[in-house]
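*Asks:* If you read the sequence shown in numbering that gives the first Met the number 0, its first letter stands for residue 0, the second for the next number, and so on. All C-beta atoms, glycine included, are put in the ideal place defined by N, C-alpha and C. These numbers were taken from a predicted model, which means no experiment stands behind them.
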Amino acid sequence: MKDLQNGLKASVNRRSFMKRGLTAAGAATVSAGLLGNGLSAASEGPEEKSGRLTPGDAAILRFLAAAEILETDLWQQYNELGGIQDSEVPGGSGNPTYTAALAVLDADMDQYIHDNTEDELTHEVFINAFLASKRADTVNLDEFRTLPSSQATGAQQIGRLTNLMQLTVDTSWWTRYRVGNKNPDFGDTFDQAVPSLNVGQHPAIPRKDDDLTPNDHIQAIANTAGFHFGTIEQGGTSLYPSLAQRVTHPEVLRIVLSIGPTEAMHFQTWSDKAGNAPPLTDPKDPTLVFPDLNSPPFGGEEFQTNLIMPEPTIFLSRKLPACSIVRPTATKGAAMGALKFLTAMGLFIGQSPAFFELMTDLAEDADEARRGRG
Ligand SMILES: [Fe+2]
Ligand SMILES: [Fe+2]
């Protein structure tokens with residue numbers, strides 16, 4: 000993980016070189032394949048074409064398109080093994096043992112996984128199509144589909160963008176939405192619901208059929224997925240309102256305001272289901288413990304599993320009354336924050352330096368966008 004974070008930092012430093020050196024043959028070759036319509040050699044601002052959009056709006060939409068492509072890739076992997084297999088979300092053939100372990104959290108988990116996957120796919124396709132309709136450059140990450148698939152029965156054998164087999168899952172959203180006097184935008188930090196998921200590396204899908212036994216092991220993998228679903232979708236729930244504050248054109252604002260709340264609908268569902276993850280210790284990794292969140296030292300307002308509505312909390316100023324809100328929503332550095340969050344969870348373990356360079360570039364361009372200034 001440390002290496003990855005160092006890698007991300009290094010790629011940030013390399014970015015200014017990438018921007019300056021865009022006409023150099025190497026950089027131009029790398030970048031040309033990444034962006035649908037190629038690159039223009041603008042001397043400042045995003046190198047990509049913004050067409051009839053402001054550069055800032057195009058940059059925000061491109062970062063969101065990239066985030067949605069990555070989301071689709073990870074949800075597709077979950078769906079192939081644990082979702083409903085049909086023509087809406089084709090590709091896998093299902094893994095009955097993993098699907099049954101997920102069903103312990105809710106009998107309809109396979110349907111919800113399928114529908115979340117389909118939603119992400121439509122977000123990705125729509126945002127790119129909108130960019131193209133305005134003659135702005137789109138995002139294409141196909142050349143980074145290089146990570147291995149699960150070898151377990153049910154998964155397609157294709158290259159992936161994301162890695163669901165070495166996750167470090169931050170479960171602090173659980174308490175963040177239950178505590179009434181703290182807000183991450185005020186610098187507050189929050190307890191983990193499953194402390195052992197937030198350290199080490201854990202599979203959220205079976206890596207091979209060997210992972211399907213014993214029962215508590217595949218259940219630990221399904222529980223990991225159950226919490227990861229919430230972690231991912233609360234991220235989307237914060238990302239859209241955070242970036243919306245710097246959008247200029249009303250139609251782009253409408254897009255961001257219309258997609259963002261669907262991430263919250265996903266999050267709310269997963270927040271409810273994660274509370275049904277049965278307490279257990281993974282027999283193949285005794286460091287991984289899912290606690291009983293309703294009993295001491297857990298339980299109470301911070302952990303109780305039926306407290307799934309956001310607890311009103313401080314917002315904007317401590318002098319104002321508490322309010323039920325999405326948190327965090329600070330806009331400064333929101334795109335880079337999202338990229339760091341996804342990187343820190345191990346989602347990109349195995350990705351190339353060029354991948355981090357491109358994602359960093361897209362995030363920095365999105366964070367440079369200013370409302371009304373393009
Ligand atoms: Fe999405
Ligand atoms: Fe999402």
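(1) Can you round the beta-carbon distance between valine 246 and arginine 370 to whole angstroms, since I take them to be within the 8 Å contact cut?
(2) How is leucine 403 classed by DSSP in three states: helix, strand or coil?
(3) With DSSP as the reference, identify every bridge partner of histidine 122, one or two as the case may be.
(4) So the candidates are Arg61, Gln350 and Met344; which of them puts its Cα closest to the Cα of serine 171?
(5) Any heavy atom of ligand 1 closer than 7 Å to the CB of glutamate 117?
(6) Considering valine 255, what are the terminal residues of the beta strand (DSSP E) in which it resides?
(7) With DSSP collapsed to three states, give me the class of proline 240.
(8) Flag glycine 235 as yes when its Cβ comes closer than 7 Å to any non-hydrogen atom of ligand 2, and as no otherwise.
(9) At what residue ranges does the region 280 to 343 contain a whole run of the alpha helix (DSSP H), taking only runs of 4 or more?
(10) Look up arginine 159 in the DSSP assignment and say whether it is helix, strand or coil.
(11) Here's a check: name, in chain order, each residue in its chain whose Cβ is nearer than 8 Å to the Cβ of alanine 362, leaving out the five neighbours to either side.
(12) Roughly how many whole angstroms lie between the Cα atoms of valine 29 and proline 309?
(13) Under the three-state reduction of DSSP, which class applies to leucine 166: helix, strand or coil?
(14) Based on the DSSP output, what are the partners of leucine 85 in its beta bridges?
(15) Assign aspartate 146 to one of three DSSP states: helix, strand, or coil.
(16) I'd like to know if the region 50 to 64 and the region 246 to 256 are in contact, where contact means that at least 3 CB-CB pairs between them fall below 8 Å.
(17) Is the closest heavy atom of ligand 2 to the C-beta of glutamate 232 under 7 Å?
(18) Have a look at Gln165, Phe297, Thr71 and Pro277 and flag the residue whose alpha-carbon is nearest the alpha-carbon of glutamine 200.
(19) State the CB to CB distance for the pair isoleucine 348 and asparagine 180, rounded to an integer number of angstroms; the pair is presumed to be in contact (CB under 8 Å).
(20) Is the Cβ-Cβ distance between valine 138 and isoleucine 68 less than 8 Å?
(21) Should glutamate 262 be listed as close to ligand 2, given that the test is whether its C-beta is under 7 Å from any heavy atom?
(22) Within the continuous alpha helix (DSSP H) that includes aspartate 360, where are the two ends?
(23) Measuring only from the beta carbon, is histidine 265 closer than 7 Å to any heavy atom that is part of ligand 2?
(24) In the DSSP output, what is histidine 201 paired with across the bridge?
(25) For proline 327, count the other beta carbons within 10 Å of its own beta carbon; 16 or more makes it buried, fewer makes it exposed. Which is it?
(26) What span of residues does the alpha helix (DSSP H) with alanine 100 cover, start to end?
(27) Within the present structure, is the beta-carbon of glutamate 70 separated from the nearest heavy atom of ligand 2 by less than 7 Å?
(28) To the nearest angstrom, how far is it from the Cα of serine 148 to the Cα of glycine 158?
*Replies:* On the basis of the data shown:
(1) Correct: roughly 7 Å between the Cβ atoms.
(2) Residue numbering for the chain in the displayed model covers 0 to 373; residue 403 lies beyond these limits and cannot be assessed.
(3) Among the bridge pairs identified by DSSP, histidine 122 is matched with none.
(4) If we check each option's Cα against that of serine 171, Met344 comes out closest.
(5) Remark: the C-beta of glutamate 117 is outside contact range of ligand 1, defined as less than 7 Å to any heavy atom.
(6) Unbroken run through valine 255 is the alpha helix (DSSP H), 249 to 273; no beta strand (DSSP E).
(7) Annotated three-state conformation of proline 240 is helix, per DSSP.
(8) Yes.
(9) List check, alpha helix (DSSP H) in window: 299 to 302 and 333 to 343.
(10) Assigned with DSSP and collapsed to three states, arginine 159 falls in strand.
(11) So the list reads Phe62, Ala334, Met335, Ala337 and Leu338, once near-sequence residues are dropped.
(12) Interpretation of valine 29 is limited by its pLDDT of 40, a score under 50 that renders its predicted location unreliable; the figure taken from the coordinates is listed afterwards. Each residue's Cα considered, the two are about 44 Å apart.
(13) DSSP places leucine 166 in strand when its eight states are reduced to three.
(14) Note on identity: in this sequence residue 85 is aspartate, with leucine being the wrong assignment. DSSP lists Val88 as partners of aspartate 85.
(15) Checking the sequence, you will find leucine at residue 146 rather than aspartate. Taken through DSSP and simplified to helix, strand or coil, leucine 146 comes out as strand.
(16) Segments in contact, yes.
(17) True, at least one ligand heavy atom lies under 7 Å from that Cβ.
(18) Comparing Cα-Cα distances from glutamine 200 to each of Gln165, Phe297, Thr71 and Pro277, the minimum goes to Gln165.
(19) For isoleucine 348 against asparagine 180, the beta-carbon gap comes to about 36 Å, at or over 8 Å, which does not count as contact.
(20) Going by beta carbons, valine 138 and isoleucine 68 fall inside the 8 Å limit.
(21) Because some heavy atom of ligand 2 lies under 7 Å away, the Cβ of glutamate 262 counts as near it: yes.
(22) Looking at the DSSP string, the run of the alpha helix (DSSP H) that includes aspartate 360 is 352 to 367.
(23) Yes.
(24) Answer is Leu166, bridged to histidine 201.
(25) Label assigned to proline 327: buried.
(26) Per DSSP, alanine 100 belongs to the alpha helix (DSSP H) from 95 to 102.
(27) Closer than 7 Å to some heavy atom of ligand 2: that describes the Cβ of glutamate 70.
(28) Rounded to the nearest angstrom, the gap between the Cα atoms of serine 148 and glycine 158 is 6 Å.
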